Amino acid sequence: MADRYKDVIAWALDHRLMMIGLAVATFVAALTIPARGIIAALTMLAGLWAIFWILDRPWLARFGVVRGVGAKVVGVLGVLGAMAFLLPLIPVIGQVGAGFVPVSDRSEISMIVEAPPGSNLEYTRIKAEEAARRARAHPEVAYTYTTVGTPVPLKTPSVDQALVYVKLVPKSERDLHQEELGQVLREEMKQMGGAQVSVFTSGFGGAMKAIQVQMKGDDARVLTSLAQRAAAEVAKIPGAVDVGLSTRGQKPELEVQLNRGLAGSLGITVGQVAQSLRPAFAGIDAGDWVDPSGETRDVTVRLAPEARERVTDLAQLPLVAGTGPDGVPSTLPLGQVATIRQGVGPAQIDHLDRDKVVIIQANVAGRPLTQVTQDITARLARFSLPPGYEITYGGESQDQAEVFTRIFTALGVAVLLMYLILVVQFGSFLDPLAILVSLPLSLIGVVLALWVTGDTLNIMSLIGVILLMGIVAKNAILLIDFAIWAREKGMPLREALIDAGRIRLRPIIMTTLALIAGMIPVAIGHGEGADFRAPLGRAVIGGTITSTVLTLLVIPTVYEIIDDFRSWAMSKFRRRAAQPAGHPVPAPASVE
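In this text, residue positions in the sequence shown follow this note's numbering: the first is 408, and each later residue adds one.
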């Protein structure tokens, strides 16, 4: 193998057929990537076969394309061809998509059941049990756990909300993926009337929906109307599911309007009215009670449920209006100083940065988060807003942007530190550039691996990219370091590069195969939650394969081009430094 690679690297350094094949083959492969399926694979293989067959024809040498000055041009074009493989991958990156965290099957699903605003605890319990019963009808479900009336994470406690936890059977014992079962449950819950059910298949972020569109303004009614129109637009986006508003509409309420003039003349304040209403609705602590079994229970006293709903009963609530001549407090009914009527009001009022805000919330299913967010942003950009109202974005898309920015910053710092260390190691600012060229070659394999496996560019695959930077540079360092050492021993550059390829080929192949073998279990992602780490292994394997193949051919050629540039620059510098200074012209002698 080493002897064969020695011949191959000699061809590459001569800038002959191998470099032309490398340049053209990368473009042919890139052109077929956006087309999925077996047709794309056959087209790519046929194209590569045709290219190498044509390049192998003896009549091609008659044109002298790879001789003389043309050889240098072909070598440069070959390197640019390998690097230009990244440009056709831009549409593929759009197909790969980006997400915050990988889609992971952890054998658990959460469902948020939201009854109509104002519903009591019993009604919410009935609807939650119905949702749990529908979920348990599937053989993939092991059991359900329902919590009614407790606060949903990051939400205000409310008796009209319930959380249903669905535990699935182990991944190996079912045919449906967690995401697929979640979509089935989502469609079934739409048939359940009297409540809105949101299905969460991701174990990260709790029960918070991935997309959070924040609409801010001053007037709550105008804001709610605008948010409802925007939510209707978001619901039309493919991949946006469980669309809803944070306000959850209107709920019934009792409005008590106090006649302040009359109440003031009687010595009744707004605070006294509020204190009288609080025990009637919230209740007051009446002490403890020991039941027959000996257990102590808290006792809370408040109006009966039907009395809290009838205006006539509330109008009879007594208010203390001072004390009489005998020192006994005098009372009068609430209806004499206040008007009580039934109405509706917002179920929830949220504030963000001291502005009223209504959040349009949605989950993502069937498409990457980035693609859905981009479609929503483009659609809402055409949404007309009155002055004083604005739209901002939060949720996972904001978290993803922040995390990706930090990861790319860390990646840039890592490459810079790598370059500085190599500069110190090699004692040259140009030699490390040949090593850094190998880094973008690994991105080709990363994108291809994610595209083939259907993964997204997420936090785990980006960690794999950072890991690749050190792995990929290692192969180039092995080649360049040996070539520099051989040149210091007096070997010509061409022979040093060929000898470096022959000697270093085996350790490069061995370390690459060992790395791929170690990453295969991670890439397979077998077991509960193991597919969360799978994109990391797949990105590393794909990047390692392509970078190894391209590095063995491109890096020696790049290093020779850099050395030619260095020789040319040094010759220009020496020629300029060797130019003799002009001879001084003696001044004519003065004649007295």
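All C-beta atoms in this analysis are idealised placements derived from N, C-alpha and C, irrespective of residue type, glycine included. It should be emphasised that the depicted structure is a prediction, and the values quoted were computed from it without experimental measurement.
DSSP three-state assignment for residue i, whether helix, strand or coil
i	result
Val566	coil
Gly694	strand
Val744	coil
Leu726	strand
Glu935	coil
Ser849	helix
Pro839	helix
Val476	Here Val476 scores only 45 on pLDDT, less than 50, and its place in the model is too uncertain to base an answer on.
Leu1000	This structure cannot settle anything about residue 1000, because the visible part of the chain is limited to 408 through 999.
Glu1002	Within the shown structure, residues of the chain are numbered from 408 to 999, placing residue 1002 beyond reach of any answer.
Gly908	helix
Pro441	Interpretation of Pro441 is limited by its pLDDT of 45, a score under 50 that renders its predicted location unreliable; the figure taken from the coordinates is listed afterwards. In the structure shown, Pro441 sits in coil (DSSP, three-state: anything other than H, G, I, E or B).
Gly612	With a pLDDT of 45 at Gly612, under the threshold of 50, the modelled position of that residue is not reliable, and the figure given next carries that caveat. Note: Gly612 maps to coil in three-state DSSP.
Met917	helix
Met898	coil
Pick from the options that is closest to residue i, judged by C-alpha positions
i	options	result
Thr918	Arg894, Ile948 and Leu726	Ile948
Val879	Asp720, Gly932, Ile952 and Phe889	Ile952
Arg786	Ile644, Ser565 and Ala903	Ile644
Gly601	Arg532, Gln664 and Ile931	Arg532
Ser845	Gln805, Ser791 and Thr958	Thr958
Ala647	Thr780, Thr863 and Pro699	Thr780
Ile905	Ile916, Ile915 and Ala890	Ala890
Gly861	Pro775, Met876, His933 and Ala841	Pro775
Val641	Ala788, Asn666 and Val744	Ala788
His758	Asp582, Val571 and Leu630	Leu630
Ala808	Leu792, Thr777 and Pro699	Thr777
Ser835	Gly671, Pro847 and Asp970	Asp970
Integer-rounded CB distance, given that residue j should sit under 8 Å from residue i
i	j	result
Ala769	Lys616	6 Å
Val606	Met596	7 Å
Ala722	Ile747	6 Å
Lys534	Val548	Lys534 to Val548, Cβ: 18 Å. No contact.
Ala689	Arg709	7 Å
Pro509	Ala941	7 Å
Ile783	Val620	7 Å
Asp705	Asp695	6 Å
Cα-Cα separation, residue i to residue j
i	j	result
Ile675	Pro686	17 Å
Lys574	Ala505	28 Å
Leu741	Ala627	30 Å
Glu594	Leu885	56 Å
Phe815	Val853	15 Å
Gly819	Pro839	16 Å
Lys578	Ile870	26 Å
Leu673	Leu592	60 Å
Pro712	Ser565	17 Å
Ala930	Thr955	19 Å
Val764	Gly651	14 Å
Leu528	Gly556	7 Å
Leu661	Val810	46 Å
Leu874	Tyr826	16 Å
Val771	Thr608	10 Å
Ala821	Thr812	14 Å
Val663	Val697	38 Å
Lys896	Arg982	27 Å
Ile798	Gly624	9 Å
Val677	Ser632	32 Å
Asp762	Ser653	15 Å
Val859	Pro963	30 Å
Met876	Ala924	19 Å
Arg636	Gly589	27 Å
Ile866	Gln805	14 Å
Gly752	Gln657	5 Å
Asp582	Ile887	51 Å
Trp892	Glu967	15 Å
Continuous alpha helix (DSSP H) stretch holding residue i: start and end
i	result
Ser804	Glu803 to Phe833
Glu594	Gln585 to Met596
Ser517	Segment Glu515 to Glu521 is the beta strand (DSSP E) holding Ser517; no alpha helix (DSSP H) there.
Tyr530	Leu528 to Arg543
Glu640	Ala627 to Ala642
Ala681	Val677 to Phe688
Ala670	Arg667 to Ser672
Residue interval of the beta strand (DSSP E) (run including residue i)
i	result
Ile948	First-last for Ile948: Ala941 to Ala985, but that is the alpha helix (DSSP H), not the beta strand (DSSP E).
Thr777	It is not in any beta strand (DSSP E) - Thr777 instead sits in the alpha helix (DSSP H) that spans Leu776 to Ala788.
Arg704	Thr703 to Val708
Asp862	From DSSP, Asp862 is part of no beta strand (DSSP E); its letter is neither H nor E.
Arg552	Looking at the sequence shown, residue 552 is not Arg but Tyr. Taken as a continuous stretch (DSSP letters only), the beta strand (DSSP E) holding Tyr552 covers Val548 to Val555.
Gly353	Examination of residue 353 is not possible in this model, given that the chain is present from 408 through 999 alone.
Test: residue i CB closer than 8 Å to a CB of chain B
i	result
Ala772	Of the protein chains in this structure there is only one, and it is not chain B.
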